[in-house]
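Participant:
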Ligand SMILES: [Zn+2]
């Protein structure tokens, strides 16, 4: 399938070439909602991440953020970033224009994809180019809402319908109460929206061809219950007699850290050579800023001789992924620090942040990983001649999480030092997790520092100042010493 576009082009596309952000309307039963959109290749792109939420579904990303899956009933759509090929169940479709990512969210061309989405969804979904609107036809639902309330003697569950309906209930393993409605068409979004309820552990909603089913996993054990159909308004009522729940005993897992000496630090200055990394508003290059921070950190460490230092690069050269991990693992490193500067399409985004390797929890984390992964993905694709979907498969398969707890701990220690030194200068964004390829092959606790945003005016000014770069280096160093003090005592 499609090859990766060259690295420089990719970075330019990620950061600069997209047109101004805009919105399109989504017409749903509750009114009109706005989702993010932009134009590219004379095609209207919309945020599939936001539309999925409106449909009551989730997008699941592979760990490094190059493929995303949308699951809908018994269908699965897989998107590959920067590729016009998508996979719907077992067949490959060409949607003419490449799928995009923007600030960590998934964007898809509306005109060609909405009709495909309509095919696999129970609702009618249409794209109206003239009014710049996606319409979700919800006249169609006859199961409209769910309500759970505590009563004196137990729990009352009500399922609202538009007209009298037959139904069946049954209990299944795992404390699930299932209500099946033949001929039912269910408003998944509304029902799943009732998820955050103190009586519920979980909800599943299934739309079958001949029936709909709502499955409720209750917190209290399901004992005796009664049910009946009530008119005005039409609804299915289930009353559950209270039986007090047994206390839950939580097993605490005590993980033991490394027991050897922690005495060798690997410092990885991001990018270098032909890979400039992010570029600032005033053309400041990430590769130069991060090399300077790395050298300052190395100098601090060498002065006190508490640790030894190994650097993945000391000059303005590109170091391939393989070499970075070989230097780290081959030299017997104990801790790995990768130093970077961030970039965003949102000019207001600023601050320092420390990441560790784990699947991203939010779009901002994914955006940082996608940006940092771009050069390595280009490198891997060029070297192996592999397509983006093959890479996505390989990468998802090789993720190691062995040092995740220690890495998270190291991240929070460095974050604490950052706050002490830097929170008056810029924003403290806290620690976060995402799928950074550069941390993946490293067999030791590892973190990635985003020193600040080159795409923010004030942050770029900070990154250009020696004192800020020195502060970053000192904060990282203080965090490393904290980590050594805690983990070597064991
Ligand atoms: Zn970087």
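Numbering (this note's numbering), first residue to last: 1158 to 1647. Glycine included, every Cβ here is placed at the ideal spot set by N, Cα and C.
When a residue counts only if its C-beta is closer than 5 Å to some heavy atom of ligand 1, which residues count, in chain order?
Facilitator: 1427, 1434, 1497 and 1529
Participant: Quick one: what's got a C-beta closer than 8 Å to residue 1407's C-beta in the same chain, skipping five residues either side?
Facilitator: At residue 1407 the pLDDT is 32, less than 50, meaning the model places this residue with poor confidence; the figure from the coordinates comes in the next sentence. None.
Participant: Tell me the DSSP secondary structure of residue 1258 in three-state form.
Facilitator: strand
Participant: Kindly list the residues whose CB is nearer than 7 Å to the CB of residue 1525, restricted to its own chain and excluding five residues on each side of it in sequence; keep chain order.
Facilitator: 1499, 1512, 1591 and 1607
Participant: Can you tell me the Cα-Cα spacing of residue 1421 and residue 1363, whole angstroms?
Facilitator: 54 Å
Participant: Quick test of your reading: residue 1376 and residue 1358, contact by CB under 8 Å. State the CB separation rounded to the nearest angstrom.
Facilitator: Correct: roughly 5 Å between the Cβ atoms.
Participant: Taking C-beta to C-beta, are residue 1183 and residue 1211 nearer than 7 Å?
Facilitator: Yes, the Cβ-Cβ distance between residue 1183 and residue 1211 is below 7 Å.
Participant: Cβ atoms of residue 1368 and residue 1339: under 7 Å apart, would you say?
Facilitator: yes
Participant: Cα-Cα, which of 1514, 1246 and 1264 is closest to residue 1240?
Facilitator: For the residues 1514, 1246 and 1264, the minimum Cα distance to residue 1240 belongs to 1264.
Participant: Sort out for me which residues DSSP pairs residue 1603 with in a bridge.
Facilitator: 1493
Participant: Between which two residues does the alpha helix (DSSP H) containing residue 1661 stretch?
Facilitator: Given that the chain is displayed from residue 1158 to residue 1647, the structure contains no residue 1661 and the question cannot be resolved.
Participant: Sorted by chain position, which residues of the same chain lie with C-beta nearer than 7 Å to residue 1365's C-beta, five sequence neighbours on each side aside?
Facilitator: none
Participant: Can you give me the Cβ contacts of residue 1313 inside the same chain, cut-off strictly under 6 Å, excluding the 5 residues immediately before and after it?
Facilitator: 1306 and 1396
Participant: Near residue 1385, which residues of its chain fall below 7 Å by C-beta distance, leaving aside the five closest residues on each side in sequence?
Facilitator: 1394
Participant: Within 10 angstroms of its Cβ, does residue 1246 collect 16 or more other Cβ (buried), or is it exposed?
Facilitator: exposed
Participant: Do you know offhand how far residue 1496's Cα is from residue 1464's?
Facilitator: For the pair residue 1496 and residue 1464, the Cα-to-Cα distance works out to about 18 Å.
Participant: Hey, quick one: how far does the alpha helix (DSSP H) through residue 1520 stretch, first residue to last?
Facilitator: 1520–1541
Participant: Buried or exposed: where does residue 1459 fall if 16 or more other Cβ atoms within 10 Å of its Cβ makes it buried?
Facilitator: So residue 1459 ends up on the exposed side.
Participant: For the stretch 1189–1196 against the stretch 1325–1345, do three or more pairs of beta-carbon atoms, one drawn from each stretch, fall closer than 8 Å, so that the two count as touching?
Facilitator: no
Participant: Quick one: is residue 1418 buried, meaning 16 or more other Cβ sit within 10 Å of its Cβ, or exposed?
Facilitator: Residue 1418 is classed as exposed because its beta carbon has fewer than 16 other beta carbons within 10 Å across all chains shown.
Participant: Taking the alpha-carbon positions, what's the residue 1571 to residue 1517 distance?
Facilitator: Whole-angstrom Cα-Cα distance: 20 Å.
Participant: Look up residue 1608 in the DSSP assignment and give the residues it is bridged to.
Facilitator: In DSSP, residue 1608 forms no bridge with anything.
Participant: Can you tell me which residues form a DSSP beta bridge with residue 1325?
Facilitator: 1337
Participant: If you reduce the DSSP assignment to three classes, tell me which class residue 1569 lands in.
Facilitator: Annotated three-state conformation of residue 1569 is helix, per DSSP.
Participant: Can you look up residue 1180 in the DSSP assignment and give me helix, strand or coil?
Facilitator: strand
Participant: Within 10 Å of its beta-carbon, does residue 1428 have 16 or more other beta-carbons around it, so buried, or fewer, so exposed?
Facilitator: buried
Participant: Is residue 1272 helix, strand or coil by DSSP?
Facilitator: helix
Participant: Shorter than 7 Å from the beta carbon of residue 1262 to some beta carbon of chain B?
Facilitator: Of the protein chains in the structure, only one exists, and it is not chain B.
Participant: Determine the DSSP secondary structure at residue 1356, reduced to helix, strand or coil.
Facilitator: Residue 1356 falls in the coil class under three-state DSSP.
Participant: Give a yes or no on whether the C-beta atoms belonging to residue 1602 and residue 1514 are separated by under 7 Å.
Facilitator: no
Participant: What's the gap between the Cα of residue 1486 and the Cα of residue 1452?
Facilitator: 20 Å
Participant: Considering only the alpha carbon of each residue, which of 1576, 1519 and 1595 lies closest to residue 1261?
Facilitator: 1519
Participant: Assuming contact is defined by CB atoms lying nearer than 7 Å, are residue 1504 and residue 1616 in contact in what I supplied?
Facilitator: Contact: no.
Participant: Are residue 1318 and residue 1335 closer than 7 Å when you measure CB to CB?
Facilitator: no
Participant: Per the DSSP calculation, residue 1585 is bridged to which residue(s)?
Facilitator: 1509
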